[in-house]
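Read in the numbering used here, the sequence shown has 123 at position 86, and its numbers run on one by one without any break. All C-beta atoms in this analysis are idealised placements derived from N, C-alpha and C, irrespective of residue type, glycine included.
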Amino acid sequence: MTEEIHEVTLDVNGTAHTVAVPGRRLLSDCLRHDLGLTGTHVGCEHGVCGCCTVLLDGRPVRSCLMFAVGAAGHAVTTVEGLADAGGGLGPVQRAFAECHGLQCGFCTPGFLTTVTAFLAENPDPTEAEAVEAISGNLCRCTGYQNIVKAVLRAAELTRAAPDEGAPAPLHAEQGAPRPEPSAGEGAR
Ligand code: FES
Ligand code: FES
38 MTEEIHEVTL DVNGTAHTVA VPGRRLLSDC LRHDLGLTGT HVGCEHGVCG
88 CCTVLLDGRP VRSCLMFAVG AAGHAVTTVE GLADAGGGLG PVQRAFAECH
138 GLQCGFCTPG FLTTVTAFLA ENPDPTEAEA VEAISGNLCR CTGYQNIVKA
188 VLRAAELTRA APDEGAPAPL HAEQGAPRPE PSAGEGAR
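In structure tokens form, the structure reads like this:
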């Protein structure tokens, strides 16, 4: 049986992309293979590791747990969308570089998106809150100490330049009642 193809327009990092995808195309696969945004990494593919985390209307979701068609009508922000206005590193990215919060870097896109959303809600976290915020993301390399330092440093940088810390372009409908989340959408 031929799989039905759906044409949907996705708002990714402020740009509208129209893609034709099967209904079961994962958002993570669509971002990487259809849109060429390979900054979103795929590890476990079942919602555990967190490296596929992107922001959906500013909230962290596992892109391996939702279908691309379910992202239509939402603003998707990937790690590529966290750069500053000039295309340089955004504050969370700078903090991770400064604090050596990565080694192989495979997990890093998921940490960066997760931390960006966390700091938007809690701009001045305690160390314990920073630890809790990253508890849904797995890193095989760093031992987490420098990642926690990076979260706290990112908070300082974001507070110093609050406009830089916002996830790039938020959806025009943000603030309006959110549509029902897609099946499988999950923050952790
Ligand atoms: S790839 Fe591991 S949570 Fe999505
Ligand atoms: S830096 Fe290698 S898995 Fe986190």
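Item to check | beta-carbon glutamine 130 near ligand 2 non-hydrogen atom, thresh 8 Å | outcome: Counted from its first residue, the sequence shown places residue 130 at position 93. Checking the 8 Å criterion, the Cβ of glutamine 130 is out of range of every heavy atom belonging to ligand 2.
Next on the checklist: In this structure, how does DSSP classify glutamate 164 when only helix, strand and coil are distinguished?
Outcome noted: In the sequence shown, the residue the question calls residue 164 occupies position 127. In the structure shown, glutamate 164 sits in a helix (DSSP, three-state: H, G or I).
Next on the checklist: ligand 2 and threonine 179: does any heavy atom of the ligand fall closer than 8 Å to the residue's C-beta?
Outcome noted: As a first step, residue 179 must be located in the sequence shown, where it is residue number 142. Threonine 179: yes, Cβ under 8 Å from ligand 2.
Next on the checklist: Suppose you measure from the CA of aspartate 66 to the CA of cysteine 101; what does that come to, to the nearest Å?
Outcome noted: Taking the sequence shown and counting its residues from 1, the one referred to as residue 66 is at position 29. Taking the sequence shown and counting its residues from 1, the one referred to as residue 101 is at position 64. In a straight line, the C-alpha of aspartate 66 is about 8 Å away from that of cysteine 101.
Next on the checklist: Quick check: is the beta carbon of serine 65 nearer than 9 Å to any beta carbon in chain D?
Outcome noted: Of the protein chains in this structure there is only one, and it is not chain D.
Checklist entry - Terminal residues of the continuous beta strand (DSSP E) containing valine 91? => result Translated into positions along the sequence shown, residue 91 becomes position 54. Start and end: 90-93.
Checklist entry - In terms of alpha-carbon separation, which member of Ala167, Thr145, Thr115 and Pro160 lies closest to glycine 73? => result Locating residue 73 in the sequence shown gives position 36, where the first residue counts as 1. The shortest C-alpha separation from glycine 73 is found at Thr115.
Checklist entry - So which of Ile184, Val49 and Ala57 has the shortest CA-CA distance to isoleucine 42? => result Position 5 of the sequence shown, counting from 1, holds the residue named residue 42. Isoleucine 42 has its Cα closest to that of Ala57, out of Ile184, Val49 and Ala57.
Next on the checklist: If contact is defined by three or more beta carbon pairs under 8 Å, each pair taking one atom from either stretch, is the segment 77-92 in contact with the segment 121-136?
Outcome noted: In the pairwise beta carbon analysis, the segment 121-136 is classified as not touching the segment 77-92: fewer than three pairs are separated by under 8 Å.
Item to check | 8 Å Cβ shell around alanine 154 - same chain, five flanking residues per side excluded | outcome: Your numbering for residue 154 matches position 117 in the sequence shown. For alanine 154, where only same-chain residues beyond five positions count, the Cβ hits under 8 Å are Leu92, Gly95, Arg96, Pro97 and Pro204.
Next on the checklist: Does glutamate 44 come out as helix, strand or coil in the three-state DSSP assignment?
Outcome noted: For the purposes of this step, residue 44 is taken as the residue at position 7 of the sequence shown. In the structure shown, glutamate 44 sits in a strand (DSSP, three-state: E or B).
Item to check | Nonlocal neighbours in the same chain, by C-beta distance under 6 Å from histidine 137, ignoring five residues either side | outcome: Reading the sequence shown from its first residue, position 100 is the one you call residue 137. The residues Asn183, in chain order, have a CB closer than 6 Å to that of histidine 137 in the same chain once the five nearest residues on each side in sequence are set aside.
Checklist entry - Taking 8 Å as the line, does the beta carbon of threonine 145 fall inside it for any heavy atom of ligand 2? => result Translated into the one-based positions of the sequence shown, residue 145 becomes position 108. Yes, Cβ of threonine 145 sits closer than 8 Å to a heavy atom of ligand 2.
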